[in-house]
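Trainee:
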Amino acid sequence: MDAVVRRVDLNRALAGVDIEELLARIDLDALVARLDIDAIVDRIDLDRAVGRMDLDRVVHSIDLVALANEVIDGVDLPEIIRAASTSVTADVMTDVRSSGERADDAVANAIGRLLRRKAAVDTVAPDGPESGGDV
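In the working numbering, each residue's number is its place in the sequence shown (first place is 1) plus 31.
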């Protein structure tokens, strides 16, 4: 039998085989189901694979506008703006009030000097209100 097999010309025998028809008969789903995908993944050298990539090409292929829109859709941007505006508005109002108080004091002092009034006595002692009552 070995002598017969040795005499067979495999190239000539396979030349008559329709590879497309042979491949069409193979159930690839069943073939892949038999593979141990975890074992295949474990054998992949990711550092080497990533090292072979053209990262500039990958970055340039990203649709940054679509990515930005997706990020914006994922956050409540109006609420963030509203919260930031509220904080800024509160700070501005505090500054305006403080400036207004200082302006009132400056006007009162100027009028007091103009009318030759004595300087107002502080009503708050270093330790708290002079009222003597609970505040």
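Every residue, glycine too, gets a C-beta built ideally from N, C-alpha and C.
Keep in mind that this is a model prediction, so the values were computed, not measured.
1. Would the beta-carbon of Ile142 fall within 9 angstroms of that of Arg148?
2. Can you give me the start and stop residues for the alpha helix (DSSP H) that Met124 sits inside?
3. What's the gap between the Cα of Val36 and the Cα of Ala44?
4. Just reading off the alpha helix (DSSP H) that Asp76 is part of, what are its end residues?
5. So, helix, strand or coil for Val48, using DSSP?
6. Starting from the C-beta of Thr120, find all residues in its chain whose C-beta is less than 8 angstroms away, skip the five residues before and the five after it, and write them out in chain order.
7. Under a CB-based cut-off of 9 angstroms, is Arg113 close to chain D?
Mentor: In terms of the structure at hand:
1. yes
2. Leu108 to Leu145
3. 12 angstroms
4. Counting along the chain, Asp76 falls outside any alpha helix (DSSP H), and DSSP gives it neither H nor E.
5. coil
6. none
7. You won't find chain D in this structure, because it holds only one protein chain.
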